[in-house]
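Engineer:
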Amino acid sequence: MNMQTAITMTAAETALVDAYNAEIGELPGEGAVLSARDTLLADLKKQGLPTRRVESWHYTDLRALLRAVPAFDSTAFAEKVDPLVAGSSVLTVLNGKADAKGAPVGVNVRTYRESLLDGVAAADLIERDPEDAIGRINGSFVRDGFEIEVPEGTELEQPMELQLVQSAGQSHSRFPVTFGANTKATVIERHLSVSDAASLVTVVSDLILDDGADITWIILQQQGVSDSHLAQVNFDLGTNAKLRLFVINAGGKLVRQEVHGVTTGEGADFKLRGINLLGGETHTDVTFTLGHDVPNTTSTEVIRNVLFDRAKGVFQGQIRVAPGAQKTDAKMACNTLLLSDDADFSAKPELEIFADDVQCGHGATVIDINPTHLYYLRARGIPENKARAMLVNAFVDEIVEELEDESLIETLEAIIAAWLEKHA
Amino acid sequence: MLEIKNLHARIAEDGTEIIRGLNLTVKAGEVAAIMGPNGSGKSTLSYILSGRSDYEVTEGDILYNGESILELDPSERAAKGIFLAFQYPVEIPGVATMQFLKVALNEQRKFRGEDELSTPDFIRRVKEAAARLQINPDMLKRPLNVGFSGGEKKRAEILQMALLEPKLCILDETDSGLDIDALKIVADGVNALRSPDRAVIVITHYQRLLEYIVPDTVHVLYKGQVIKSGDKSLALDLEANGYADIIDAAA
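Which chain is which? The protein sequence lines are A and B, in order.
Each residue of the first sequence is one higher than the one before, starting from 1 at the first, in full-length UniProt numbering.
Each residue of the second sequence is one higher than the one before, starting from 1 at the first, in full-length UniProt numbering.
1) Can you give me the C-alpha to C-alpha distance between residue 111 of chain B and residue 64 of chain B, rounded to a whole angstrom?
2) Measure from the C-beta of residue 52 of chain B to each C-beta in chain A and report whether the shortest distance is under 8 Å.
3) Taking the alpha-carbon positions, what's the residue 274 of chain A to residue 422 of chain A distance?
4) Residue 385 of chain A by DSSP, collapsed to three states: which one?
5) Using a cut-off of 9 Å between C-beta atoms, extract the partners of residue 160 of chain B located in chain A.
6) Using a C-beta cutoff of 8 Å, does residue 184 of chain A count as contacting chain B?
7) Please identify the residue among A:207, A:40, A:394, A:67 whose C-alpha is closest to the C-alpha of residue 51 of chain A.
8) Of the choices B:177, B:167, B:123, whose alpha-carbon is the least far from that of residue 148 of chain B?
9) CB-CB under 7 Å to residue 169 of chain A, same chain, minus the five flanking residues each way: which ones, in chain order?
10) With residue 64 of chain B as the anchor, note down where its alpha helix (DSSP H) starts and where it stops.
11) Where does the unbroken alpha helix (DSSP H) through residue 88 of chain B begin, and where does it stop?
12) Whole angstroms are fine: how far does the CA of residue 13 of chain A sit from the CA of residue 19 of chain A?
13) Could you check whether residue 201 of chain A and residue 166 of chain A sit closer than 8 Å to each other, using their CB atoms as the reference points?
14) Taking DSSP's pairing of strands, which residues face residue 33 of chain B in a bridge?
15) Please report whether the beta-carbon of residue 7 of chain B lies at a distance below 8 Å from any beta-carbon of chain A.
16) Quick one: is residue 104 of chain A near chain B, going by C-beta distance under 8 Å?
17) Buried or exposed: residue 1 of chain A, going by 16 or more other Cβ atoms within 10 Å of its Cβ?
18) What span of residues does the beta strand (DSSP E) with residue 457 of chain A cover, start to end?
19) Residues of the segment 58-79 of chain B with a CB closer than 9 Å to any CB of chain A: list them in chain order, please.
20) I need the DSSP call for residue 118 of chain B, collapsed to helix, strand or coil.
21) Can you tell me where the alpha helix (DSSP H) holding residue 407 of chain A begins and where it ends?
22) Does the beta carbon of residue 107 of chain B sit closer than 8 Å to a beta carbon anywhere in chain A?
23) What did DSSP end up calling residue 137 of chain B once you bin it into helix, strand or coil?
24) For the segment 91-103 of chain B, list every residue whose C-beta sits within 7 Å of some C-beta in chain A, in sequence order.
25) For a contact defined as C-beta to C-beta under 9 Å, what are the partners of residue 84 of chain B on chain A?
26) Quick check: residue 59 of chain A and residue 346 of chain A, are their CB atoms within less than 8 Å of each other?
27) Starting from residue 397 of chain A, find everything on chain B with Cβ-Cβ shorter than 7 Å and list it in chain order.
28) Since residue 230 of chain B sits in a beta bridge, which residues does DSSP pair it with?
29) Is the beta carbon of residue 210 of chain B less than 8 Å from the beta carbon of residue 183 of chain B?
30) How is residue 344 of chain A classed by DSSP in three states: helix, strand or coil?
31) Please work out which residues of its chain come closer than 6 Å, Cβ to Cβ, to residue 350 of chain A, disregarding the five sequence neighbours upstream and downstream, and give them in chain order.
32) How would you write the range of the beta strand (DSSP E) that residue 151 of chain A sits in, first residue to last?
33) When the cut-off is 8 Å and only beta carbons count, does residue 122 of chain B lie next to chain A?
34) Evaluate residue 249 of chain A with the Cβ neighbour count: other Cβ atoms within 10 Å of its Cβ, from every protein chain shown; 16 or more gives buried, anything less gives exposed.
35) Inspect the beta-carbon positions of residue 27 of chain A and residue 283 of chain A and report whether they are closer than 8 Å.
36) Pick from B:233, B:237, B:228: whose alpha carbon is nearest that of residue 249 of chain B?
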C-alpha cells in the first residue's frame with residue numbers, strides 16, 4: 001500500500017492549477033511548447049509551492065506567503081506611461097501583452113508570443129534546477145515578452161525601457177536578450193502598477209552578453225501594495241563582457257527577485273547593486289547566485305536595505321568559484337538600515353571556492369542612523385527629521401550615484417526620496 | 001551676547017563631571033580665546049554650547065542674548081546664530097556637499113521666517129566664499145568632507161561659517177593640523193567675519209593662531225573652570241611660561 005500522503009493544495013496552488021486549466025486554450029504555442037508547459041505544471045502540482053524546507057526558499061516560504069492568486073483578467077486595462085528617462089525607446093507589456101513597435105533602430109525585436117507560436121520558445125521553458133519555482137510558474141503560463149537581439153557592435157545612445165504596466169490579474173513574461181560582441185546599452189526593466197487590485201506578475205529574463213559587451217540593466221520594481229512579483233534574471237558573460245545590474249525594489253506585497261549568472265569568458269566583470277526600500281507588511285527577497293567558471297573574472301555585489309514598519313527582507317548571495325578559476329576577485333556586501341523594531345532582515349552569504357588563488361569576501365552589517373552624523377547635520381541648523389531623512393537617503397544614494405548618467409540618477413533619486421517621504 | 005553662569009556638566013553616559021562651575025561672559029564684537037591644558041574641558045564646552053546630547057548640564061545656565069538655550073536642540077541653536085567649527089569635521093558619505101550647504105542655509109532661513117535662497121543666488125554665494133578661502137570648486141562636488149585632507153576639512157568648516165553668517169562663532173582647535181599657509185587663509189576667513197554684532201570664541205592650545213586672530217580677551221580653562229582671564233598678553237605669557245604657575249596660583 002502506498003503510504004505517501006497527498007498534499008492538500010493551498011488556495012494559491014489551487015488557483016494556479018485552475019487558472020492553467022481555464023487559460024491553456026488561450027496561451028500561445030502548441031506541440032513542444034504545450035508539452036513543456038504541461039510538464040512544468042505537472043511539477044508544480046506534484047511539488048506544490050516551495051516551503052522553508054526547500055533550501056533556496058528557506059527565508060521565503062512561498063507556500064505560506066502566497067495567500068491568493070488572482071484569476072487572469074482579460075478586461076483589465078492599462079496604458080503606456082512616460083519613460084523613466086526622456087528620449088528612451090519604450091517597449092511595453094501592458095497587462096501581459098507585449099508590443100514591439102517601440103524597438104530602437106538597429107535592434108531586432110519580436111514579441112515572445114511569436115516565439116511561443118512558432119515553437120522556438122520550447123527550449124526556454126525548463127526549470128533551472130528542481131527548486132526553480134519561478135521558472136516553473138513562469139514557464140507554465142508565459143504569454144508574451146520580447147525576444148531581443150542587439151547586433152554586434154551596436155551602441156545605443158539612449159536607454160531602452162521595457163515597461164511592464166499591470167492593473168489586475170496575472171501577467172507572465174519572458175525576455176531572452178542577446179547582446180552581440182562589443183555592444184553597449186542601458187536597459188531599464190520597469191514594473192509598475194496602476195491600480196490597487198492584486199496582481200501576480202512573473203518575469204524571466206535570459207541575458208547573453210557576447211565578448212566585450214558592456215551593458216547596464218536596471219530593474220525598477222514599483223508594483224502595488226497587494227501585488228506578488230516573482231522575477232528572475234539569468235545571465236552569461238563572455239570574454240571581457242561587463243554587466244552592471246541594478247535592482248531597485250520599491251513596491252509590492254510579496255517580492256522575490258532572483259539573479260543567477262555565470263562568467264564563461266575571461267576578463268568578464270559583473271556588478272550587482274541593490275536597493276530595497278521596504279515598508280508596511282511586505283516581504284521582499286533578493287536571491288543571487290554567481291558562478292565564476294573561468295579564470296580572471298571579477299564581481300562585486302552591494303545591497304543596501306532600508307526597512308520601516310513590519311517589513312521583512314531577505315538577501316541570499318552565493319558565489320561559486322569553479323576549480324581552476326584562478327584570480328577570481330569577488331566581493332559581496334549587504335548593509336541594512338533597520339528603522340523599526342518590528343522590521344526584520346535576513347542575510348545569507350555563501351562562498352563555495354574550489355580554486356586556491358582567488359580573492360573572495362563578504363560582509364553583512366545592520367546599522368542604525370549614525371548619531372555623530374545626525375548631530376553634525378543638526379548643528380548646522382537642519383531639524384532632526386530632515387537630517388534623518390537626508391542620512392537614510394545618503395545610505396542608498398551612494399548606490400544610485402554609481403550609475404553616472406545624470407538624468408537617470410536624478411530620476412531615481414526623486415523616486416527614492418518620494419518613497420522615503422511617504423514611509424518615514 | 002554669551003553669559004555662562006556657574007555651569008556644571010557631565011558626560012551623559014557615565015556621569016563623569018567635566019565642567020565644574022564655569023563662568024564666562026563674551027560680549028558682541030569680542031574675540032575671546034580659551035586656552036588650557038589637555039583635558040581641561042575646552043572641547044566639551046564647545047559641544048555643550050552647540051547642544052550635543054552626549055553631555056548633560058546639571059547646574060547653572062547658558063544665556064545667549066539674555067535667553068537660556070539649555071532647552072533648545074542643536075538645530076534651533078544653529079538657526080539662532082550659534083556656530084561650532086568642529087575640531088574633527090564629520091565625513092558623511094552619500095550627502096553631497098552642495099546639497100548639505102543649501103539645506104542647512106535654507107532650513108536656518110526658514111526657522112527665522114526668511115525666504116529660501118534661489119539656486120543661482122545660493123551658488124553665487126558659495127562660489128564667492130569658496131574663492132576667498134581658496135577652496136577648489138571640485139571639493140564641493142564630493143560628498144560632505146569625504147576624502148578631504150585635514151586642512152581642507154577646516155577650510156570647509158570656515159566656508160560653512162561664512163555662508164551661514166552666525167552671530168556666535170566657536171572655533172574648536174581650528175588650527176590643529178593646519179600648515180602655516182592654511183592657517184593664514186583660515187584666520188583671514190575668520191577676521192573677515194569680525195564685526196560689532198558678532199562674537200568669536202577661539203579654542204586653541206597655541207599662541208600661534210592668536211597672532212593671526214588677535215583676541216580681545218584670553219581665558220584659561222582648567223578642570224572645568226575659568227581660572228584666569230586677561231587680555232592678549234596672557235596668551236604670550238602662557239606661551240613663555242606654561243600653565244604651571246597659573247594653576248598653582250589658582251590652587
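Every residue, glycine too, gets a C-beta built ideally from N, C-alpha and C.
Structural biologist: Let me lay it out:
1) 17 Å
2) yes
3) 20 Å
4) helix
5) 380
6) no
7) A:67
8) B:177
9) 70, 71, 72, 73, 76, 95, 199
10) No alpha helix (DSSP H) contains residue 64 of chain B, which is instead part of the beta strand (DSSP E) from 55-64.
11) Unbroken run through residue 88 of chain B: none, as it is neither H nor E.
12) 10 Å
13) yes
14) B:202, B:218
15) no
16) no
17) A caution first: residue 1 of chain A carries a pLDDT of 46, below 50, which makes its placement in the model unreliable, though a value can still be read off. By the neighbour-count rule (16 or more Cβ atoms within 10 Å), residue 1 of chain A is not buried but exposed.
18) Within the shown structure, residues of chain A are numbered from 1 to 424, placing residue 457 of chain A beyond reach of any answer.
19) 73, 74, 75, 76, 77, 78, 79
20) coil
21) 406-423
22) yes
23) helix
24) 92, 93, 94, 95, 103
25) 379
26) yes
27) 94
28) B:218
29) no
30) strand
31) 318
32) Element bounds for residue 151 of chain A: n/a, residue is neither H nor E.
33) no
34) buried
35) no
36) B:228
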